[in-house]
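In this note's numbering, the protein residues as written are 8 to 287. No residue lacks a Cβ here, since even glycine has one placed at the ideal position from N, Cα and C. Just so you know, these numbers come straight off a predicted model, no measurement behind them.
Dropping the structure here:
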């Protein structure tokens, strides 16, 4: 889950808001592409995966769920491994603050963007749906305390929950989400140029529904353009949990992926730990 999300994040990062011409020319699943503005991200995951790591570590720690404790984890994970990919404003805040309390006080959590959704898929590990809804909503309020910010986080966490807990076949996931949240959804591909929460989630669920192959899903996530790393990361993280998924990502994607202190092996270890929680 985290590994697949991280691989897709790193691949998609090379195409974030790239021109259609560049995407057509280079989106061949042959190499990690250097982003013209963020060359340091080459072969590395971005804020999407780093924040999902923070949520995963927090779940494994079994600490009390509170905004303050979660914010502390966000600061801790960034400080030990500062990396690009965050919005410039959030990146600067994370650089300046030294505690979760300072982070909360520095933020204006009125965004309708996809930042809360991009990190919420590990929350699907919890057994009870009401717990998944509560915790995914709670973590969203730290940075995206808006209706769309919270709902987008809940949808991604519940989609993960659906597959982790084998709730049913993939084709019934829309019914599941609608029944669980008592809402109607139109999950179709929409523009993610503005990184809006619900347009991102709509696109991610549509991709998961329409693809069995992880490679074809990753290619289309990037072909759609816009916020390619977030869409690709979420789609691949969730698709990796489906029983009938064809796991056909090319070997180079794994071999050329970062493997420092918090790289590939670390993601694999976190995946093992969180699955152990599921089975215990």
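Kindly give me the distance between the Cβ atoms of residue i and residue j, rounded to whole angstroms, as I take these residues to be in contact under 8 Å.
i, j, result
"residue 111", "residue 164", "No, residue 111 and residue 164 are not in contact; Cβ-Cβ is about 21 Å, not under 8 Å."
"residue 226", "residue 34", "6 Å"
"residue 199", "residue 238", "6 Å"
"residue 212", "residue 166", "6 Å"
"residue 121", "residue 234", "7 Å"
"residue 74", "residue 150", "Contact flag wrong, Cβ pair sits at about 10 Å."
"residue 269", "residue 17", "Going by Cβ atoms, the distance from residue 269 to residue 17 rounds to 13 Å, so no, they are not a contact pair."
"residue 64", "residue 80", "6 Å"
"residue 127", "residue 145", "About 10 Å; that fails the 8 Å criterion."
"residue 253", "residue 220", "5 Å"
"residue 236", "residue 25", "Wrong, their Cβ atoms sit about 11 Å apart, outside the cutoff."
"residue 78", "residue 107", "3 Å"
"residue 13", "residue 274", "5 Å"
Helix, strand or coil: how does DSSP classify residue i here?
i, result
"residue 220", "strand"
"residue 119", "coil"
"residue 49", "coil"
"residue 263", "coil"
"residue 174", "coil"
"residue 85", "helix"
"residue 79", "helix"
"residue 37", "coil"
"residue 93", "coil"
"residue 73", "coil"
"residue 21", "coil"
"residue 268", "coil"
"residue 232", "coil"
"residue 187", "helix"
"residue 153", "coil"
"residue 113", "helix"
"residue 26", "coil"
"residue 42", "coil"
Buried or exposed for residue i, going by 16 or more other Cβ atoms inside 10 Å?
i, result
"residue 203", "buried"
"residue 42", "buried"
"residue 178", "exposed"
"residue 155", "buried"
"residue 182", "exposed"
"residue 218", "buried"
"residue 288", "Outside the modelled stretch of the chain, which goes from 8 to 287, sits residue 288, for which no answer is possible."
"residue 209", "buried"
"residue 51", "buried"
"residue 191", "exposed"
"residue 54", "buried"
"residue 9", "buried"
"residue 189", "exposed"
"residue 279", "exposed"
"residue 271", "buried"
"residue 285", "exposed"
Assuming residue i is part of the alpha helix (DSSP H), what are its boundary residues?
i, result
"residue 137", "136-150"
"residue 271", "271-286"
"residue 192", "Element bounds for residue 192: n/a, residue is neither H nor E."
"residue 64", "54-68"
"residue 6", "An answer regarding residue 6 cannot be provided, because it is not within the stretch 8 to 287 covered by the chain."
"residue 128", "From DSSP, residue 128 is part of no alpha helix (DSSP H); its letter is neither H nor E."
"residue 240", "235-246"
Looking at the strands, I want to know which residues DSSP matches up with residue i.
i, result
"residue 3", "In this structure the chain extends from 8 to 287, so residue 3 is not present and cannot be described."
"residue 253", "220"
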